[in-house]
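K.L.:
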Amino acid sequence: DLRWARVHLLPWVGRRLTGRSSGDGRPPKRPDLLPLVGEDAT
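Residue numbers (the working numbering): 201 to 242.
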C-alpha cells in the first residue's frame, strides 16, 4: 500500500539513515531522578 509506505516506512527509513530515534527531541517523562517506591521497588 503506497499510502502506508509514505506515512510509516519512509519516515522510519529516514530515521535509520540519519541515526535518529523517534524519541529524539521529546522531553523526558520523568526528568528528575527519584527513588523507586511501592511495588516497583522490589
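Just so you know, even glycine gets a beta-carbon here, dropped at the ideal spot from N, CA and C.
#1: First and last residue of the alpha helix (DSSP H) that includes V213?
#2: Find out if the Cβ-Cβ distance for the pair S221, R215 is shorter than 8 angstroms.
#3: Pull up the distance between the alpha-carbon of R203 and that of P228, whole angstroms please.
#4: Can you confirm whether P228, when its beta carbon is compared against all beta carbons of chain B, has any partner nearer than 8 angstroms?
P.N.:
If we stick to the structure as given:
#1: 210 to 218
#2: Yes, they are a contact pair.
#3: 31 angstroms
#4: Among the chains of the structure shown, chain B does not appear; only one protein chain is present.
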